[in-house]
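Engineer:
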């Protein structure tokens, strides 16, 4: 299994500001992903974080709005640029150690005022 | 349309009873995972299945890839089982697509 840690676990920010969410795995993992979950809704895959190269974004998510870095096999950062109230949600990182089970971090609750 | 159709959207059980949740897939899925999301928002891994049936305590899950569905059975429901249950399935690219979730409320 893989343990994932996220920092911060919650944040409140003003509209127009940017914030960073960090994800750390307790072991090297090949695949890392970021998900967004609005209140009372399902999880939506935002992007795949690729080590040493640009992230691969899903439809509706862009690198200008949600830049993602992955400098090594245990770490990734998601930035929310020009935050808006509509970005208020929980952000999860996840990873797979091999070909099967995907594990999730505890999530970061973001509130944009 | 949605690739993962989860039902029911909400379920209320009395303690000690049981029920089943179901996910239907509109495309071929390689594997399915089931999660419980608790009141703090944490996602708890329940099962990973590439095929067949797995059981863990009061929970049992089945994945039938040929008929494109998966089920999660809960028996002898307890208050701590309350929460939202999600299935998530992955195709050949291994990206997980989540169902919309089942909000389970267990009452005494």
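Residue numbers (the working numbering), protein chains in the order written: chain F, 91 to 203; chain C, 102 to 209.
Beta carbons: idealized from backbone N, C-alpha and C, even for Gly.
(1) What does residue 125 of chain C touch in chain F if you count any residue whose Cβ is under 9 Å from its own?
(2) Between which two residues does the beta strand (DSSP E) containing residue 111 of chain C stretch?
(3) In chain order, what residues of the same chain lie with their CB nearer than 6 Å to the CB of residue 138 of chain C, ignoring the 5 residues before and after it?
(4) Kindly indicate the opening and closing residues of the beta strand (DSSP E) around residue 161 of chain F.
(5) For the beta strand (DSSP E) containing residue 186 of chain F, list its first residue and its last residue.
(6) Mind checking whether residue 184 of chain F and residue 128 of chain F have CB atoms under 8 Å apart?
(7) Report the rounded CA-to-CA distance for residue 156 of chain C versus residue 180 of chain C, giving the unit in angstroms.
(8) Nearest chain F C-beta to residue 142 of chain C closer than 8 Å, yes or no?
(9) Given a cut-off of 8 Å on the beta-carbon distance, is the pair residue 171 of chain F and residue 117 of chain F in contact?
Structural biologist: The structure says:
(1) Here residue 125 of chain C corresponds to residue number 24 of the second chain, with the count starting at 1. Going along chain F, no residue has its Cβ under 9 Å from residue 125 of chain C, so there is no contact; the nearest lies around 15 Å.
(2) In the second chain, the residue the question calls residue 111 of chain C occupies position 10. That run of the beta strand (DSSP E) goes 111 to 115.
(3) Sequence index remark: in the second chain, residue 138 of chain C carries index 37 (1-based). So the list reads 144, 184, 185, once near-sequence residues are dropped.
(4) Within the first chain, residue 161 of chain F is the residue found at index 71, counting from 1. Residues 158 to 162.
(5) Indexing the first chain from 1 puts residue 186 of chain F at position 96. Boundaries of the beta strand (DSSP E) harbouring residue 186 of chain F: 179 to 186, taken from the DSSP string.
(6) For the purposes of this step, residue 184 of chain F is taken as the residue at position 94 of the first chain. For the purposes of this step, residue 128 of chain F is taken as the residue at position 38 of the first chain. Not closer than 8 Å, so no.
(7) Your numbering for residue 156 of chain C matches position 55 in the second chain. Your numbering for residue 180 of chain C matches position 79 in the second chain. Put simply, the backbone Cα of residue 156 of chain C is about 20 Å away from that of residue 180 of chain C.
(8) Translated into positions along the second chain, residue 142 of chain C becomes position 41. At a cut-off of 8 Å, the C-beta of residue 142 of chain C has a neighbouring C-beta in chain F.
(9) Reading the first chain from its first residue, position 81 is the one you call residue 171 of chain F. Reading the first chain from its first residue, position 27 is the one you call residue 117 of chain F. Their beta carbons are not under 8 Å apart, which means residue 171 of chain F does not touch residue 117 of chain F by this criterion.
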